[in-house]
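In terms of the numbering used here, the sequence shown has 8 at position 8, counting the first letter as 1, and numbering is strictly consecutive.
Beta carbons are placed, not taken as given, at the ideal position from N, Cα and C, and that holds for glycine.
This report concerns only the one structure given below.
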Amino acid sequence: MNHYVYVQDHTGQPLMPTKRHGWVRRALRDGKATVVKRSPFTIKLTYQSGNELQDVSLHLDAGYANIGFSAQSEGREVLGGEVKLLKGMSQRLEERAMHRRNRRSRLRYRKPKFKKGGDFISSRPDGWLAPSIQHKLDSHLNLIRKIQQILPITSIQ
1 MNHYVYVQDH TGQPLMPTKR HGWVRRALRD GKATVVKRSP FTIKLTYQSG NELQDVSLHL
61 DAGYANIGFS AQSEGREVLG GEVKLLKGMS QRLEERAMHR RNRRSRLRYR KPKFKKGGDF
121 ISSRPDGWLA PSIQHKLDSH LNLIRKIQQI LPITSIQ
């Protein structure tokens, strides 16, 4: 895989990545750039530069246990990889529920779960998702946010 150095302009907006490692070393040495992150290696320019950007499309493959991603620009891949999601979410939720039941059984008084008329009081707000599904959604959104910090993404597919 080609190793790119990801570049941000002086305001922190992402620019196109570069493979010119000699230029990057000289810019860091001369104070024209500073290191933002070491993984993936990202630099921030300290001077104003031109913003010639290309279209970069982000492709996601949402699986059950992994998220595959690839960012492409003009037919070449500028970033690619895989994120492993947490496993065993349902077992952790069952253990948490067991501890909650034990805690609640030791209470002397607990708020009623039902109204006087017999209607169920819902404790779940609108738009609620199961925690395992919420984790998957949050992981996808966090991944997209992190990639948008280092690449000028124009489309997500």
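- CB leucine 137 to CB leucine 129, shorter than 8 angstroms? As a first step, residue 137 must be located in the sequence shown, where it is residue number 137. As a first step, residue 129 must be located in the sequence shown, where it is residue number 129. Taking 8 angstroms as the Cβ cut-off, leucine 137 and leucine 129 qualify as a contacting pair.
- Item | Contacting residues, own chain, Cβ-Cβ under 7 angstroms from glutamine 54 (five flanking each side not counted) | Against the sequence shown, residue 54 aligns to sequence position 54. Result list for glutamine 54: Met16, Ser73, Glu74, in chain order.
- Beta-carbon gap between lysine 167 and asparagine 66 smaller than 8 angstroms: Nothing can be reported for residue 167: it is not among the residues displayed for the chain, which extend from 1 to 157.
- Item | Which residues DSSP lists as bridging isoleucine 144, in chain order | What you label residue 144 is simply residue 144 of the sequence shown in a count that begins at 1. Answer is none; isoleucine 144 lacks a bridge partner.
- Query: Is it true that the CB of phenylalanine 69 sits closer than 8 angstroms to the CB of isoleucine 147?
  - Reply: Position 147 of the sequence shown, counted from the start, is the residue given in the question as residue 147. Position 69 of the sequence shown, counted from the start, is the residue given in the question as residue 69. The Cβ atoms of isoleucine 147 and phenylalanine 69 sit closer than 8 angstroms to each other.
- Query: Count the other CB atoms within 10 Å of the CB of proline 131; is the residue buried (16 or more) or exposed (fewer)?
  - Reply: By one-based count along the sequence shown, residue 131 stands at place 131. Proline 131 should be labelled exposed.
- Task: Identify which residue in Asn51, Gly80, Val35 has its Cα closest to the Cα of serine 57.
- Result: In the sequence shown, the residue the question calls residue 57 occupies position 57. Gly80 is the residue among Asn51, Gly80, Val35 whose C-alpha sits nearest the C-alpha of serine 57.
- Item | DSSP-derived helix/strand/coil call for asparagine 102 | Counting from 1 along the sequence shown, the entry for residue 102 is found at position 102. Three-state result, asparagine 102: helix.
- Assumed close pair lysine 44, alanine 33 - CB separation to whole angstroms, cut-off 8 angstroms: To locate residue 44, count along the sequence shown from 1; it is residue 44. To locate residue 33, count along the sequence shown from 1; it is residue 33. 6 angstroms between Cβ atoms; contact.
- Query: What's the call for methionine 1, buried or exposed, on a 16-neighbour Cβ count within 10 Å?
  - Reply: Position 1 of the sequence shown, counted from the first residue, corresponds to residue 1. With a pLDDT of only 49 at methionine 1, under the threshold of 50, the placement of this residue in the model should not be trusted, and no figure is reported.
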